[in-house]
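Working notes, beginning with the structure itself.
Chains as they are written, first to last, in my numbering: chain Y, 3 to 114; chain H, 612 to 727.
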């Protein structure tokens with residue numbers, strides 16, 4: 003049973019518009035959430051994270067929102083750029099473990 | 612050289628061969644991980660080493676054998692693999708967070724393994 007779910011396998015967005023990637027989780031013990039980006043033939047790279055004591059964290063064009071009551075988080079990229087085209091993985095972990103649980107990933111394509 | 616380095620990048624082997632994957636990190640981390648990534652599946656955690664001690668083994672078949680000789684190096688020894696073992700094998704490292712800090716994992720670029 004997947005504890006971290008990314009239900010959209012792919013997303014296509016026009017350059018300059020907003021990209022919204024969604025992630026749901028089932029384990030209420032999760033208290034730290036991360037997003038990773040992965041280009042083909044490369045390993046995932048850390049993008050942004052959020053602790054459960056916050057509901058928003060922003061870093062440049064990237065913002066992560068956390069809704070604890072809904073067990074949902076989302077990654078907003080604005081404005082989207084063609085270089086953002088990659089697979090985005092959501093991950094979560096609980097305070098008792100430093101080992102994250104990953105979702106299946108969402109493939110984002112940003113069209114010029 | 613910085614980051615997490617994996618060798619080889621690509622490996623093709625027969626089911627009766629024995630080979631090893633190597634991972635090296637230059638980040639001063641004390642935890643290292645092996646993941647398997649198959650198409651359209653989540654990253655599957657295989658093994659975790661913290662301070663050179665194996666702390667997690669996620670029901671991985673014995674044909675995969677990890678080795679962590681020191682905190683900078685991690686190996687995955689392979690023998691008599693099956694075609695379904697063909698996948699991207701990713702190594703990662705991190706601080707294990709026991710001090711309370713939330714540190715992300717740093718990944719290598721993976722070894723693309725094909726079993727004939």
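Ideal placement from N, C-alpha and C gives every residue a C-beta, glycine not left out.
query, result
"Enumerate, from N- to C-terminal direction, the unbroken beta strand (DSSP E) stretches of 3 or more residues contained entirely within the stretch 662 to 704 of chain H.", "664 to 668, 675 to 681, 684 to 690"
"Is the stretch 11 to 18 of chain Y in contact with the stretch 94 to 109 of chain Y, if contact means three or more CB pairs nearer than 8 Å?", "yes"
"Pop quiz: residue 46 of chain Y and residue 91 of chain Y are said to be a contact at Cβ under 8 Å. What is the actual Cβ separation, rounded to whole angstroms?", "6 Å"
"Looking at chain Y, is there any beta carbon in it that lies within less than 8 Å of the beta carbon of residue 654 of chain H?", "yes"
"Find out if the Cβ-Cβ distance for the pair residue 660 of chain H, residue 679 of chain H is shorter than 8 Å.", "yes"
"Mind reading off the beta-carbon distance from residue 662 of chain H to residue 696 of chain H? Whole number of angstroms is fine, and I expect it under 8 Å.", "Not a contact, Cβ separation roughly 28 Å."
"I need the DSSP call for residue 57 of chain Y, collapsed to helix, strand or coil.", "coil"
"Anything in the stretch 675 to 704 of chain H with a Cβ closer than 7 Å to a Cβ of chain Y? List those residues in chain order, please.", "701"
"To be precise: take each residue of the stretch 625 to 636 of chain H, compare its Cβ to all Cβ atoms of chain Y, and keep it if any distance is under 7 Å. Which residues remain?", "none"
"Hey, quick one: how far does the beta strand (DSSP E) through residue 110 of chain Y stretch, first residue to last?", "108 to 113"
"Answer yes or no: do residue 718 of chain H and residue 615 of chain H have a C-beta to C-beta separation smaller than 8 Å?", "yes"
"Along chain H, which residues have their Cβ under 7 Å away from the Cβ of residue 101 of chain Y?", "656, 659, 667"
"Could you give the first and the last residue of the continuous beta strand (DSSP E) run that contains residue 80 of chain Y?", "Segment: none, residue 80 of chain Y is in no beta strand (DSSP E) and carries neither H nor E."
"Whether or not the stretch 626 to 635 of chain H and the stretch 666 to 674 of chain H are in contact is what I'm after, with contact meaning three or more pairs of Cβ atoms, one per stretch, closer than 8 Å; do they touch?", "no"
"Hey, is the stretch 25 to 39 of chain Y in contact with the stretch 76 to 92 of chain Y, meaning 3+ C-beta pairs nearer than 8 Å?", "yes"
"Which residues in the same chain as residue 621 of chain H place their Cβ atom closer than 6 Å to its Cβ, once the five residues preceding and following it in sequence are excluded?", "723"
"Starting from residue 65 of chain Y and walking both ways along the beta strand (DSSP E), at which residues does that stretch end?", "64 to 69"
"Going along chain Y, which residues have a C-beta under 8 Å from residue 619 of chain H?", "Correct list: empty, because the minimum Cβ distance to chain Y is about 13 Å."
"Just to confirm before moving on: does the CB-CB distance between residue 633 of chain H and residue 689 of chain H stay below 8 Å?", "no"
"What are the residues that DSSP puts in a beta bridge with residue 95 of chain Y?", "Y/34"
"Considering residue 26 of chain Y, what are the terminal residues of the beta strand (DSSP E) in which it resides?", "21 to 27"
"Who are the near neighbours of residue 726 of chain H in its chain, counting only those whose CB is closer than 7 Å to its CB and skipping five residues on each side?", "624, 626, 692, 693, 694, 696, 697"
"Mind checking whether residue 607 of chain H and residue 38 of chain Y have CB atoms under 8 Å apart?", "Only positions 612 to 727 of chain H appear in the structure, and residue 607 of chain H is not among them; the question remains open."
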